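Residue numbers (this note's numbering): 1 to 213. One structure is given here, and the rest of the page talks about it.
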Amino acid sequence: MDPVRWSVVVPAKRLGAAKTRLHPLTGGPAAGDRHAVLVLALLADTVAAARACPAVDDVVVVTDDDRAAAAVAALGARTVPDAPDRGLNPALAHGAGAAVTAAVAALSSDLPALRPAELAAALAAAEGAPRGFVADAAGTGTTLLTAAGVPLDPRFGRGSAAAHTAAGALPLGGDWPGLRRDVDTPADLAAAAALGLGPATAALLPRLLPRTG
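Quick look at the structure:
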């Protein structure tokens with residue numbers, strides 16, 4: 001049997017409006033471009049890892065931000081506008097409609113420690129179920145949602161792990177620390193740094209996190 005090929009859908013808010021809980025590191029809107037640069041780095045490292053995953057044929061980024069669109073296009077991803085403009089889950093469903101494969105995965109945009117092999121292993125684990133998901137490091141959120149031959153039915157947001165389970169998605173278990181470590185807070189970024197960051201985020205780290213030891 002041929003291996004399953006996947007399309008990965010990544011949502012990207014407008015850079016200035018994304019990741020507001022990282023404002024203590026970046027200075028927020030008052031710091032000008034600094035916050036947008038960090039958000040863009042998180043996105044770039046996530047997309048680069050997905051593009052390098054051997055199970056992935058296509059990466060679709062749903063965004064209305066011109067700068068984000070240009071950055072991910074340079075990495076080989078396609079972009080589609082957020083035509084629904086009704087929040088995260090409608091955007092992901094819209095992106096899934098642009099997929100080129102029957103198997104579709106929604107991936108968080110803030111996984112700077114993601115390894116292509118981790119994503120490949122999680123997608124392989126998802127092959128036995130119509131829908132599956134990977135919970136975040138806290139166990140309450142979702143970083144990856146998969147659907148093969150059925151609608152994606154995304155339910156991201158607070159308590160999304162429970163919401164996806166209730167909707168019939170199979171929890172996927174595996175040793176995938178980079179896939180589980182999304183970055184919403186300065187502590188999350190420090191935890192991701194301990195795992196090893198992608199190049200875009202790593203280049204910013206000396207300016208963002210205090211040195212220890």
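In this text, a Cβ means the ideal position worked out from N, Cα and C, and glycines have one as well. None of these values were measured; they are calculated from a predicted model.
Check                                                                                                                            : Outcome
Under 8 Å between C-beta atoms of residue 159 and residue 146                                                                    : no
Extent of the continuous beta strand (DSSP E) to which residue 218 belongs                                                       : Outside the modelled stretch of the chain, which goes from 1 to 213, sits residue 218, for which no answer is possible.
Same chain, Cβ closer than 6 Å to residue 58, five either side skipped, listed in chain order                                    : 7 and 100
Endpoints, alpha helix (DSSP H) assigned at residue 119                                                                          : 116-126
Residue 20, buried or exposed, once every other Cβ within 10 Å from all chains shown has been counted against 16                 : exposed
Three-state class that DSSP yields for residue 103 in the structure shown                                                        : strand
For residue 181, the nearest candidate out of 108, 24, 71 and 73 (CA to CA)                                                      : 108
Three-state class that DSSP yields for residue 155 in the structure shown                                                        : coil
DSSP bridge partner residues for residue 146 (one or two, in chain order)                                                        : 105 and 132
Given residue 50 as reference, the closest of 151, 208 and 116 once Cα atoms are compared                                        : 116
Chain-order list of residues whose beta-carbon lies under 8 Å from that of residue 52 (same chain, five-residue window excluded) : 116
Counterpart residues of residue 79 in DSSP-defined beta bridges                                                                  : 61
Per-residue DSSP class, three states only, for residue 170                                                                       : strand
Distance cut-off 7 Å: residue 119 Cβ against heavy atoms of the ligand MN                                                        : For the structure depicted, the ligand MN is absent and the ligand set is empty, with no information on it obtainable.
Coarse secondary structure for residue 12, derived from DSSP in three states                                                     : strand
Residue range of the alpha helix (DSSP H) that includes residue 198                                                              : Looking at the DSSP string, residue 198 is not in any alpha helix (DSSP H), and its letter there is neither H nor E.
Simplified DSSP assignment, three categories, for residue 4                                                                      : coil
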